[in-house]
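Scroll down for the structure; my scribbles are underneath it.
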Amino acid sequence: MTQIDDLPVRDELRGQSPYGAPQLNVPVLLNTNENPYPLPDALVDRIAERVADAARELNRYPDRDAVELRTRLAAYLSETGGVTLATGNVWAANGSNEIIQQLLQAFGGPGRSAIGFDPSYSMHALIARGTGTAWISGPRRDDYSVDVEAAVAAIAEHRPNVVFLCSPNNPTGTALDGSVVEAVYDAAQAARPSLVIVDEAYVEFSHHASLLTLLDGRPNLVVTRTMSKAFGAAGLRLGYLAADPAVVDAVQLVRLPYHLSAVTQATAIACLEHTETLLGYVAELKAQRDRLVAELRGMGCEVTESDANFVQFGRFEDTHAVWQAVLDHGVLIRDNGVPGMLRVTAGTDAENTAFLDAMRAVLKEIA
Numbered sequence: 368m369t370q371i372d373d374l375p376v377r378d379e380l381r382g383q384s385p386y387g388a389p390q391l392n393v394p395v396l397l398n399t400n401e402n403p404y405p406l407p408d409a410l411v412d413r414i415a416e417r418v419a420d421a422a423r424e425l426n427r428y429p430d431r432d433a434v435e436l437r438t439r440l441a442a443y444l445s446e447t448g449g450v451t452l453a454t455g456n457v458w459a460a461n462g463s464n465e466i467i468q469q470l471l472q473a474f475g476g477p478g479r480s481a482i483g484f485d486p487s488y489s490m491h492a493l494i495a496r497g498t499g500t501a502w503i504s505g506p507r508r509d510d511y512s513v514d515v516e517a518a519v520a521a522i523a524e525h526r527p528n529v530v531f532l533c534s535p536n537n538p539t540g541t542a543l544d545g546s547v548v549e550a551v552y553d554a555a556q557a558a559r560p561s562l563v564i565v566d567e568a569y570v571e572f573s574h575h576a577s578l579l580t581l582l583d584g585r586p587n588l589v590v591t592r593t594m595s596k597a598f599g600a601a602g603l604r605l606g607y608l609a610a611d612p613a614v615v616d617a618v619q620l621v622r623l624p625y626h627l628s629a630v631t632q633a634t635a636i637a638c639l640e641h642t643e644t645l646l647g648y649v650a651e652l653k654a655q656r657d658r659l660v661a662e663l664r665g666m667g668c669e670v671t672e673s674d675a676n677f678v679q680f681g682r683f684e685d686t687h688a689v690w691q692a693v694l695d696h697g698v699l700i701r702d703n704g705v706p707g708m709l710r711v712t713a714g715t716d717a718e719n720t721a722f723l724d725a726m727r728a729v730l731k732e733i734a
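In this text, residue positions in the sequence shown follow this note's numbering: the first is 368, and each later residue adds one.
Here is the structure:
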């Protein structure tokens, strides 16, 4: 039987594994950082109306520049992020992963490199390799924070073309102070200069303010976002970025034509019409996250401070065995490969109760 390595694939892809989380049929799914609350009926009805309108013109290509959607996204960021952004500052694509891919296609590629500080979002490295961009794994402290001096030194040594930061960081949940981003940005500009990407997929759940305010005067800084988490629209696949308009112009050089369907644009616009309702669920999830942190610590677990809608906890000698034991109790969580640690998404009150009950039982079993 033919294997991947029997094919003439690129050398840097040989031996690699595709990104993915287990999709298992169990009662409680807390492994992919999804928002557990279904969209409210009023929003579902509004989506149906907008999609019906879009369906009448599906014989035509969609707006290739997604102007209305980008205008509404700019208004949302301006209202919630303490900044003033226009349509030209924003770009949207199929999930934040396509945003990252487009940025690496434009600013990375063969003969260029990108650096991130691991453990962090594994798709940064995977998409880098997929675009022919060499990947450099930078250091973190034992508490998973970014060591500024070490980061600046790594940038000076490797002179990467793209720098990735994550705030809050996935899988650890830790957020960045603005001073860290400023120091990394300054180092990156002195080294090459380089594009600095701040991944804010989980920022609506954070105790810290968005880093959007750092965009002013920093043309090589990009902040990426998604509608998958706080907006509860993981199935929509809509990500976006905020940056200097020149960055938006650059990614349009590599975007596929008509990459956002008319249906996707209509659905996303409907969601943005219900921002207040959707962000109301965020407050509940933040309370549930804090509950997980408190109760896991009460069980004697080591828990990383979290600014996201998930919690990293441990420390276990055999993380996979604990993961499997929790699964045997009907709860699916995530083994991300961080030594000694597991990750659980904040779910509904009932889902979190089921997880916490499972953990109490598992800790007794392994004791």
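Note that CB positions come from ideal geometry on N, CA and C, so glycine has one too.
| Check | Outcome |
| --- | --- |
| C-alpha distance - Gln619 paired with Val457, whole-angstrom precision | 12 Å |
| For Leu663 and Met594, believed in contact at Cβ under 8 Å, the rounded distance | Not quite, the Cβ-Cβ distance comes to about 29 Å (not below 8 Å), so this is no contact. |
| One or two residues paired with Val565 in a DSSP bridge | Leu532, Val590 |
| Own chain residues within Cβ distance below 7 Å of Phe677, not counting five before or after | Asn400, Gly540, Arg710, Val711, Thr712, Ala713 |
| Secondary structure, alpha helix (DSSP H): runs of 4+ residues fully inside the region 416-501 | 434-448, 462-474, 489-497 |
| Three-state secondary structure assigned by DSSP to Ile503 | strand |
| Option in Arg526, Arg377, Asn402 with minimal Cα separation from Pro599 | According to the sequence as given, residue 599 is Gly; it is not Pro. Comparing Cα-Cα distances from Gly599 to each of Arg526, Arg377, Asn402, the minimum goes to Asn402. |
| Exposure label - Asp412; buried when at least 16 CB within 10 Å | exposed |
| Given Ser577 as reference, the closest of Asp544, Arg479, Leu452 once Cα atoms are compared | Asp544 |
| Limits of the beta strand (DSSP E) - the one that Tyr607 falls within | 606-610 |
| Same chain only: Cβ atoms within 8 Å of Ser445, ignoring 5 sequence neighbours per side | Thr451, Leu452 |
| Strand pairing of Phe572, partner residues [DSSP] | Phe572 pairs with nothing; no bridge assigned. |
| Where the alpha helix (DSSP H) containing Thr634 begins and where it ends | 629-639 |
| Neighbourhood of Ala723 by C-beta distance below 7 Å, restricted to the same chain and skipping five residues each side | Per the sequence presented here, residue 723 reads as Leu, with Ala not at that position. Counting only Cβ-Cβ distances below 7 Å, and skipping sequence neighbours, we find Glu662. |
| Sub-9 Å separation of Ser534 and Ala542 beta-carbons | yes |
| Backbone secondary structure at Glu401 - three-state DSSP | coil |
| For Thr715 and Gln691, the rounded distance between their alpha carbons | 22 Å |
| Cβ neighbours of Pro586 in the same chain (closer than 7 Å, five flanking residues each side left out) | Asp611, Ala613 |
| Bridge-paired residues (DSSP) for Glu669 | Gly681 |
| Pairwise C-alpha distance: Leu470 and Leu645 | 28 Å |
| Integer Cβ distance of Ala823 from Ala523, believed to fall under 8 Å | This structure cannot settle anything about residue 823, because the visible part of the chain is limited to 368 through 734. |
| Neighbourhood of Gln655 by C-beta distance below 8 Å, restricted to the same chain and skipping five residues each side | Ala713, Gly714, Thr715, Asp716, Asn719 |
| Contact the region 620-634 vs the region 417-424: 3+ CB pairs below 8 Å | yes |
| Collapsed DSSP secondary structure at Val698 in the structure displayed | strand |
| Close-in-space but distant-in-sequence residues of the same chain around Arg604 (CB under 6 Å, 5 per side omitted) | Asn461, Gly462 |
| Which listed residue (Gln472, Gly584, Pro486, Val630) has its alpha carbon closest to that of Val621 | Gln472 |
| Cβ-based burial, Val589 [other Cβ within 10 Å; buried from 16] | buried |
| Supposed close pair Val565, Leu532 - CB separation, criterion 8 Å | 5 Å |
| Backbone CA spacing between Val395 and Glu465 [nearest angstrom] | 29 Å |
| Alpha-carbon spacing of Arg701 relative to Val729, whole angstroms | 15 Å |
| For Leu391, the nearest candidate out of Glu732, Gly697, Gly707, Asn703 (CA to CA) | Gly697 |
| Neighbourhood of His575 by C-beta, 7 Å cutoff - its chain only, sequence neighbours within 5 removed | Ala542, Asp674 |
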